[in-house]
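Residue 276 in our numbering is what sits at position 294 of the sequence shown, and the numbering runs on without skipping anything. Even for Gly, the Cβ is constructed at its ideal location relative to N, Cα and C. Being a predicted model, the structure only gives us computed values, none of them experimental.
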Amino acid sequence: MTRIPLTTSPASSSAMPAPSVPSSATQSTSTKYNGIGGYIYDTATDACNSSVAVYNETCTCTGSICMRSSGNSLIVFSLTTTICPSGYTASGSSCVLNNARVAASDGNYDLVRSGSTLSDPGVSGEKDAKPNNVAVSSGSGKIWGTNSAGQNFVTTITPTSDGGSQIQTQTQISGGYVNTSTVVVGANGAVDSSTSSSATGSISAAADAATAPTVTQSSTNAQAIQFPDDYARTGEVARAAQTVVTSVDRIHTDLTSTTEVSDPSADTSAFSEAFFKGTFTGVLSWRLPAHTSTCATSSFEWIGKTYAINQHCALMDDYKSEISAASVLMFTILALFIVLKA
């Protein structure tokens, strides 16, 4: 997949994160060998052969010590170099991350934006292979292909000096026409303007994997695109915000107004006359009968002796007020739960 930063804002960079890789890596070493003329060779044999080729000899080497076919020996000087993985640079005895996009592949080929110019990162700036339908020319990026309707298209992304971009998509349609739609995006990512046009023309097939198709068009009749209302256009946002502000102001006035408003009063005489007249008179006049209570006790006999069970009465008399308070609290809480669950 190809990703292109449409704006210079930090949001564009955060939307195109680099692969997650370690910040450091382990260095490795590589041994090379010096040959004639200062050339560097991967093996001692190759370095020795370069030195004795003028004598029509060959070498057989063990380590840095080589034996020429003439029987003479030759010592080839070795050179040990430090190597860091791609995307890392040497720092002391370690390798530090320099470019995460070179260090690991994430399936994305990201074009690079600098000001109002796009550039191709190439193999030195991107681990992933460049797609065959992507090209950069004169600071603009191009993507081409065939859409879901089988129509050829070319999309050109041109960065603008204000930090935004112009995105132009040209599509080959039936009847020998080419539709051109142009959208201008500001530095904040919002759509600033949009136009659409249709004219006779054609889109050629791509000449090769790195060259975009050629678009030819005659004169055009441009017409504005009418976006649906769900686009976050500047005017619509302002109108929606004003509606919210008006509603909030009305609520603020209702809550802070000092105008005295008298409480309504209901005439209950008509209701009481029409419904349940005298129905609950007997219930309202009921009173709890007078009574006395004593603490229940018990007793039993065992081995010729009588044992009385009455200690709980003394305990309740001693802590009567505490037990009463705890009972009131418990039933109050239960009543509160019943009311809140209703």
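Sheet register partners of residue i (DSSP bridge)
| i | result |
| --- | --- |
| Ile320 | Bridge partners of Ile320: none, in fact. |
| Arg232 | Its beta-bridge partners do not exist; DSSP assigns none. |
| Glu283 | Thr288 |
| Pro141 | Ser147 |
Candidates the options: closest to residue i by CA position
| i | options | result |
| --- | --- | --- |
| Ile47 | Glu39, Ser60 and Asn38 | Ser60 |
| Tyr21 | Thr27, Thr11, Thr13 and Ser32 | Ser32 |
| Gln133 | Gly183, Ser156 and Asp174 | Ser156 |
| Ile185 | Thr198, Thr177 and Phe313 | Thr198 |
| Val58 | Pro67, Cys66 and Gly45 | Gly45 |
| Gly121 | Pro141, Asn114, Thr27 and Val136 | Pro141 |
| Thr137 | Ala131, Ser130 and Trp126 | Trp126 |
| Val166 | Trp268, Gln154 and Gln150 | Gln150 |
| Ala192 | Gly74, Thr13, Pro113 and Arg269 | Pro113 |
| Asp88 | Val160, Ile18, Met(-17) and Ala181 | Met(-17) |
| Leu56 | Cys43, Thr63 and Thr62 | Cys43 |
Same chain, Cβ closer than 6 Å to residue i, five either side skipped, listed in chain order
| i | result |
| --- | --- |
| Ser52 | Glu39 |
| Ala82 | Ala0, Pro1 and Val3 |
| Ala204 | At Ala204, the pLDDT of 46 sits below 50, so the modelled position is not reliable; the number obtained from the coordinates is stated separately. Thr177 and Ser179. |
| Thr164 | Gln150 and Thr177 |
| Ser5 | Leu79 |
| Tyr23 | Tyr15, Gly17 and Ala29 |
| Ile(-14) | Leu93, Gly123 and Ile139 |
| Ser13 | The amino acid occupying residue 13 in the given sequence is Thr; Ser does not appear at that position. Closer than 6 Å at the Cβ level, and outside the excluded window around Thr13, lie Ser60 and Thr62. |
| Ile207 | Per-residue confidence for Ile207 stands at a pLDDT of 48, beneath the threshold of 50, marking its modelled position as unreliable; no derived number is given. |
Beta-carbon proximity list for residue i, same chain, < 7 Å, skipping 5 on both sides
| i | result |
| --- | --- |
| Ser10 | Ile65 |
| Ile305 | Met298 |
| Ala7 | Cys66, Pro67, Tyr70 and Cys77 |
8 Å CB neighbourhood of residue i in its chain, flanking five on each side removed
| i | result |
| --- | --- |
| Val118 | Leu93, Leu100, Ser101, Asp102 and Lys124 |
| Tyr289 | Ser281, Phe282 and Glu283 |
Where the beta strand (DSSP E) containing residue i begins and where it ends
| i | result |
| --- | --- |
| Met49 | Ile47 to Arg50 |
| Ala7 | Ser6 to Thr8 |
First and last residue of the uninterrupted alpha helix (DSSP H) at residue i
| i | result |
| --- | --- |
| Asp245 | Segment: none, Asp245 is in no alpha helix (DSSP H) and carries neither H nor E. |
| Thr263 | Thr263 to Leu266 |
| Asn31 | Ala26 to Val34 |
| Val58 | Here Val58 belongs to no alpha helix (DSSP H), and DSSP marks it neither H nor E. |
| Gly104 | Gly104 to Gly107 |
Legend entry - Segment contact flag, the region 135 to 145 with the region 102 to 118, C-beta cutoff 8 Å, min 3 pairs: no
Legend entry - At least three beta-carbon pairs within less than 8 Å, the region 94 to 102 to the region -14 to -2: yes
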